[in-house]
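Undergrad: If you use the numbering used here, the sequence shown corresponds to residues 57 to 145, in order.
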Amino acid sequence: MGQLTPVEAANWMALYLATGICCVMAFALSSGMVLCAVYRERSWVAVTSLKAAVLFVPRTWWRWQKLYLTSMPVTLAIVILFAGSMNWR
Numbered sequence: 057m058g059q060l061t062p063v064e065a066a067n068w069m070a071l072y073l074a075t076g077i078c079c080v081m082a083f084a085l086s087s088g089m090v091l092c093a094v095y096r097e098r099s100w101v102a103v104t105s106l107k108a109a110v111l112f113v114p115r116t117w118w119r120w121q122k123l124y125l126t127s128m129p130v131t132l133a134i135v136i137l138f139a140g141s142m143n144w145r
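1) To the nearest angstrom, report how far apart LYS122 and ARG145 are at their CA atoms.
2) Please state the DSSP three-state secondary structure of GLN59.
3) Based on Cα-Cα distance, which residue from VAL113, ALA108 and SER105 lies nearest to VAL90?
4) Check whether the region 99 to 115 and the region 65 to 83 touch, using three or more Cβ-Cβ pairs below 8 Å as the test.
5) Please name the residue in LYS107, GLY58, TRP118 and ALA70 whose C-alpha comes closest to that of VAL135.
6) Starting from ARG119, trace the alpha helix (DSSP H) in both directions and tell me its first and last residue.
7) Determine the DSSP secondary structure at TRP100, reduced to helix, strand or coil.
8) Does the beta-carbon distance from ALA82 to THR131 come in below 8 Å?
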């Protein structure tokens, strides 16, 4: 396999940057949604024992994880369409 041309290297860097931007936006939006949901439901009120406190963290993490992972198809679509719009020659 040969070296990348300057155009190919620039395109790959742009793809990585676009993917990073999409992931940061997904992280921020999913974190905001989880914080709003936890605040709205006042989930911390149910933490009355050590067991409840220990289970609060994984439940909150799982809620965030589900929201973050649902953004994956959109992120892939954006990056694939962006890659398809580039001139690779």
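Don't be surprised by glycine CBs; every beta carbon is placed ideally from N, CA and C.
TA: The structure says:
1) Here residue 122 is taken as the residue at index 66 of the sequence shown, counted from 1. Here residue 145 is taken as the residue at index 89 of the sequence shown, counted from 1. Distance between the alpha carbons of LYS122 and ARG145 is about 39 Å.
2) Reading the sequence shown from its first residue, position 3 is the one you call residue 59. Look at GLN59 here: in three-state DSSP terms it is coil, with no helix or strand label.
3) Residue numbering aside, residue 90 sits at position 34 when the sequence shown is read from its first letter. For VAL90, the nearest C-alpha among the options comes from VAL113.
4) Contact fails: fewer than three Cβ-Cβ distances are below 8 Å.
5) Start at 1 with the first residue of the sequence shown, and residue 135 comes out as number 79. Checked all of LYS107, GLY58, TRP118 and ALA70; the closest Cα to VAL135 is ALA70.
6) Here residue 119 refers to the residue found at position 63 of the sequence shown. Segment 106 to 125, the alpha helix (DSSP H) holding ARG119.
7) Walking along the sequence shown from the start, residue 100 turns up at place 44. Helix at TRP100.
8) If you number the sequence shown from 1, residue 82 lands on position 26. If you number the sequence shown from 1, residue 131 lands on position 75. Between ALA82 and THR131, the gap from beta carbon to beta carbon is short of 8 Å.
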